[in-house]
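So the structure is just underneath, and the comments pick up after that.
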């Protein structure tokens with residue numbers, strides 16, 4: 058008997074079907090673990106060019122008038138508002154102008170010009186101590202509210218981007234003493250109504266949705282790195298950042314070292330209709346995680362899925378990654394090693410989210426991702442997987458995917474040209490694709506490990522892109538020029554398409570949406586969210602999302618896609634589909650006679666990729682081995698494929 062199979066791999070293999078040996082010709086490589094989910098992006102706070110309509114939400118640098126010294130802990134109330142006279146500082150100058158030098162050979166500066174409508178509760182004398190002018194200061198005694206306009210000029214050299222507002226002779230309420238500070242300060246960007254309820258800038262929403270990224274990772278937005286107390290301290294739900302706090306920036310002096318409130322993660326996810334990837338602090342208690350899951354369940358759009366990761370890089374020992382030390386000390390008290398503790402915590406998050414969302418939510422609505430350092434597949438990841446298997450059971454019952462970073466670099470040597478830097482970047486990418494010996498941690502090895510485990514999300518990249526940071530100024534002009542070149546756009550696509558998607562990678566998350574370009578890195582797809590196409594990388598990202606990659610013709614999220622993995626399968630398979638617009642979707646299973654076996658879903662779905670699972674069960678019990686068909690109907694689009702169940 059000869060059977061033609063559609064599966065992951067090519068060649069000829071003997072399999073067993075209905076008790077007989079069958080010659081199976083493997084024809085197609087369907088995409089590694091699952092159909093590629095596409096390109097996602099990390100976001101920061103603030104984005105270069107702005108995140109919030111209210112500028113105060115993304116800045117919290119308050120200084121003492123006269124001395125310019127930073128305010129201290131006792132100078133703030135419980136929400137982070139100053140209790141004394143203070144100056145509000147925004148420093149958006151290029152690195153390192155304050156030291157008499159500028160890294161960026163173009164000396165590029167984001168345009169802050171326009172009229173900002175400002176207000177605060179209380180009364181004060183308001184003055185500009187840097188760029189810009191203050192005008193139309195009005196105090197409304199009935200409302201105890203001061204309003205004014207802050208007018209900033211167009212970009213110029215020599216210090217542009219250094220903005221300071223001084224508030225002296227402050228009085229919070231008529232009953233308070235003089236010099237008692239202020240509250241509820243707002244600085245609304247030009248072009249928005251004074252009393253607008255809009256939270257995020259049009260530029261941010263536009264950058265994330267034209268075209269739409271597949272996922273947004275909120276690691277930097279929520280400030281998970283270094284937000285944990287020293288062990289054995291914990292983060293309780295009451296300790297979290299709130300939308301009503303003075304700013305969504307870090308507020309260390311009031312005990313809130315995290316970034317933006319979870320409510321704003323949900324708000325942005327709903328506004329963009331993009332799946333959120335969240336990073337949960339290692340010190341967050343079980344109650345914190347439970348309340349977080351409830352918050353998402355009650356407020357996130359029901360068509361969105363959630364990627365969940367334990368903190369970020371819980372192996373990195375560099376300053377600012379104190380979560381690693383926390384996990385290590387916690388592991389010691391539990392009698393396990395730090396690798397096992399990271400695995401334990403990851404499963405704990407899975408269990409808590411499933412307890413809130415219900416049985417069957419894991420690997421569907423809730424997507425738990427185990428992340429680690431790219432070279433450590435053999436040395437860290439495998440021991441974690443072994444621990445999960447030994448302690449909890451099959452890994453794919455808890456984990457949706459494995460993930461590492463996919464960075465590349467070049468140009469570290471003095472005098473390297475832009476062309477040579479681009480060549481180095483390509484070589485850096487090539488060296489990461491396959492590592493069959495040594496660390497055995499090439500991207501192909503990560504993909505194979507995820508496939509071996511039957512993870513429905515396969516292999517993902519939690520961060521990636523060009524890595525030209527580190528603080529070095531060697532060859533810096535050429536390194537930055539390379540980042541802005543058309544050639545870097547092609548390198549970007551090569552890294553994501555040829556060296557990830559085409560190998561079988563699933564979801565790739567770019568680091569990051571925007572950033573300045575300087576000695577500390579050129580991480581952003583662009584260095585100005587209001588003008589994203591200043592650099593070639595943003596258009597390259599568009600090309601990948603819309604399927605116009607240089608190598609492939611696949612439209613990752615631009616069209617309809619249907620696939621399943623593994624195929625053949627036993628005991629279950631993941632059926633993955635993508636739709637380019639929100640639609641009502643049905644996915645049904647049929648036998649060879651055309652009889653319907655099972656309806657897997659019949660509901661409305663958002664744009665993007667979605668995964669279902671079939672364990673060979675019909676409505677009245679398990680079906681026999683054999684060939685089955687699965688059909689996707691999304692609006693008027695219909696597509697049918699076959700799969701082979703082996704028992």
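In the working numbering, the protein residues as written are 58 to 704.
All residues carry an ideal CB built from backbone N, CA and C; glycine is no exception.
From a predicted model like this one, the values you see are computed outputs, not experimental measurements.
Asked	Found
Option nearest residue 431 by Cα separation, candidates 472, 581 and 490	490
Assigned secondary structure, residue 31 (DSSP; H/G/I helix, E/B strand, else coil)	No answer is possible for residue 31: the residues shown for the chain start at 58 and end at 704.
Candidates 420, 419 and 440: closest to residue 429 by CA position	440
Residue 642 in three-state terms, based on DSSP	strand
Simplified DSSP assignment, three categories, for residue 697	strand
Supposed contact pair residue 465 and residue 552 - C-beta distance, whole angstroms, cut 8 Å	6 Å
CA-to-CA distance, residue 572 to residue 527, given in whole angstroms	15 Å
Three-pair Cβ contact test at 8 Å for the segment 279-290 versus the segment 377-397	yes
Beta carbon of residue 169 nearer than 8 Å to that of residue 149	yes
Three or more C-beta pairs below 8 Å linking the segment 205-216 and the segment 124-132	no
Straight-line gap, residue 217 to residue 381 (C-alpha atoms, nearest Å)	38 Å
Inter-stretch contact at 8 Å, needing at least 3 Cβ pairs: the segment 264-282 / the segment 368-379	yes
For residue 477, the first and last residue of its enclosing alpha helix (DSSP H)	475-490
Buried or exposed (CB count within 10 angstroms, at least 16 for buried), residue 213	exposed
Exposure of residue 753, with buried meaning 16 or more beta-carbon neighbours within 10 Å	This structure cannot settle anything about residue 753, because the visible part of the chain is limited to 58 through 704.
Reduced DSSP secondary structure (H/G/I, E/B, other) of residue 603	helix
Beta-carbon contacts of residue 414 that lie in its chain and below 8 Å, excluding the five residues immediately before and after	350, 354, 422 and 423
Spatial distance of residue 166 from residue 215 (CA atoms)	11 Å
Where residue 621 falls, given that 16 or more other Cβ within 10 Å makes a residue buried	buried
Among 699, 495, 677 and 624, nearest to residue 644 - alpha-carbon criterion	699
Exposure label - residue 395; buried when at least 16 CB within 10 Å	buried
Burial state of residue 116 (16 or more Cβ within 10 Å)	buried
Burial state of residue 299 (16 or more Cβ within 10 Å)	exposed
Own chain residues within Cβ distance below 6 Å of residue 689, not counting five before or after	619, 634, 644 and 696
Secondary structure of residue 153, DSSP reduced to three states	coil
Helix, strand or coil at residue 569 [DSSP, three-state]	coil
Own chain partners of residue 596 with C-beta closer than 8 Å, once the 5 adjacent residues on each side are dropped	546 and 590
Own chain partners of residue 404 with C-beta closer than 7 Å, once the 5 adjacent residues on each side are dropped	445, 449 and 455
Backbone secondary structure at residue 371 - three-state DSSP	coil
Closer than 7 Å: residue 167 CB and nearest the ligand FMN heavy atom	Among the components of this structure there are no ligands whatsoever, and the ligand FMN is therefore not found.
Within 8 Å, strictly: CB atoms of residue 223 and residue 359	no
Bridge partner(s) assigned by DSSP for residue 139	133
Distance, residue 105 Cα to residue 692 Cα	39 Å
Nonlocal neighbours in the same chain, by C-beta distance under 6 Å from residue 192, ignoring five residues either side	206
Chain-order list of residues whose beta-carbon lies under 7 Å from that of residue 398 (same chain, five-residue window excluded)	384, 387, 388 and 391
7 Å Cβ shell around residue 684 - same chain, five flanking residues per side excluded	649, 699 and 701
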